[in-house]
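According to the working numbering, the residues represented by the sequence shown are 329 to 535, in order. Just so you know, even glycine gets a beta-carbon here, dropped at the ideal spot from N, CA and C. These numbers come from a predicted model, not from an experiment. Only one structure is covered here, and it is reproduced in the block below.
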Amino acid sequence: MEFKSLTNIETSFKQLRIFSIAFLVLCTVITSLSVFWAYNFAEKQRQKIYVLDEGKSLMLALSQDLSQNRPVEAREHVKRFHELFFTLSPDKSAIESNIQRALVLSDKSAFNYYRDLAEKGFYNRVISGNINQNLVIDSISCNFDVYPYRVATFARQMIIRESNVTERSLITSCRLLNSVRSDNNPHGFTIEAFEIKENKDLRVLDR
Numbered sequence: 329m330e331f332k333s334l335t336n337i338e339t340s341f342k343q344l345r346i347f348s349i350a351f352l353v354l355c356t357v358i359t360s361l362s363v364f365w366a367y368n369f370a371e372k373q374r375q376k377i378y379v380l381d382e383g384k385s386l387m388l389a390l391s392q393d394l395s396q397n398r399p400v401e402a403r404e405h406v407k408r409f410h411e412l413f414f415t416l417s418p419d420k421s422a423i424e425s426n427i428q429r430a431l432v433l434s435d436k437s438a439f440n441y442y443r444d445l446a447e448k449g450f451y452n453r454v455i456s457g458n459i460n461q462n463l464v465i466d467s468i469s470c471n472f473d474v475y476p477y478r479v480a481t482f483a484r485q486m487i488i489r490e491s492n493v494t495e496r497s498l499i500t501s502c503r504l505l506n507s508v509r510s511d512n513n514p515h516g517f518t519i520e521a522f523e524i525k526e527n528k529d530l531r532v533l534d535r
């Protein structure tokens with residue numbers, strides 16, 4: 329009887345150890361799954377941005393990886409610079425305002441072009457001749473395989489006078505540096521080594 333009792337006690341201890349190990353494994357699995365699900369949930373929540381619309385309603389926006397939008401932002405930055413720099417009207421204050429906003433997006437290379445044109449009296453002739461100049465961007469090519477990013481811009485200038493409209497080709501090149509975003513530079517780029525490769529008459533149309 330004593331031997332049988334000892335055997336039963338040993339069997340009970342074995343069963344208790346098995347149950348304890350099983351319980352420990354189960355707790356470990358549950359804890360691991362809970363941590364995994366919590367991490368996934370938190371990660372999904374970080375992909376959401378809640379925007380307060382004029383203090384009234386809460387709108388949901390989705391955040392994206394910054395690198396996904398850089399090519400789009402680069403082209404928009406270059407397009408904006410060209411539109412500001414080359415769109416002119418016979419108004420001195422309007423010209424100066426556009427040029428100053430364009431120069432914020434670039435380095436001294438663009439300022440050098442502006443200074444040369446100003447010294448040659450180009451802007452004075454635009455004002456005195458009542459000339460409007462508009463820019464049409466045809467394409468912008470950005471190479472993101474190298475840094476600084478290399479950009480080539482192909483556009484047309486429409487120079488509008490009272491008697492005619494002159495269409496000119498415009499091809500420029502530059503490099504883009506990553507910069508700090510601000511209200512004046514929302515895309516976070518700076519144009520450097522800006523250069524006009526081609527700028528010649530294509531045709532003249534009488535008005």
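Cα-Cα separation, residue i to residue j
i, j, result
"L390", "R453", "Confidence at L390 is low in this model, with a pLDDT of 47, below 50, so the placement of that residue should be treated as unreliable; the coordinate-derived value is given next. Cα to Cα, the separation comes out at about 49 Å."
"I487", "K525", "19 Å"
"F450", "A370", "58 Å"
"V353", "N368", "22 Å"
"N397", "L361", "34 Å"
"R496", "D435", "25 Å"
"T359", "A366", "10 Å"
"E401", "G516", "8 Å"
"K528", "A430", "22 Å"
"H410", "I427", "10 Å"
"R489", "S510", "37 Å"
Chain-order list of residues whose beta-carbon lies under 7 Å from that of residue i (same chain, five-residue window excluded)
i, result
"K407", "I465 and I468"
"P476", "R503, L504, L505 and E520"
"P399", "C470 and F472"
"R531", "E495"
Beta-ladder partner(s) of residue i, from DSSP
i, result
"Q428", "None; Q428 has no bridge partner."
"S497", "R484 and K528"
"V534", "In the sequence under discussion, the amino acid at residue 534 is Asp, which differs from the Val named in the question. According to DSSP, D534 bridges with N492."
"Q461", "L416 and I487"
"T356", "For T356, which the question treats as bridged, DSSP gives no partner whatsoever."
Residues near residue i by beta carbon distance below 8 Å, same chain, minus five either side
i, result
"F414", "Q461, L463, A483, Q485 and L498"
"V432", "N512 and N513"
"E523", "S437, T500, S501 and C502"
"S491", "D534 and R535"
Close-in-space but distant-in-sequence residues of the same chain around residue i (CB under 6 Å, 5 per side omitted)
i, result
"F351", "none"
Item to check | the region 436-445 / the region 476-488 touching (three or more Cβ pairs under 8 Å) | outcome: no
Checklist entry - With a cut-off of 8 Å, do at least 3 Cβ pairs link the region 415-423 to the region 502-510? => result no
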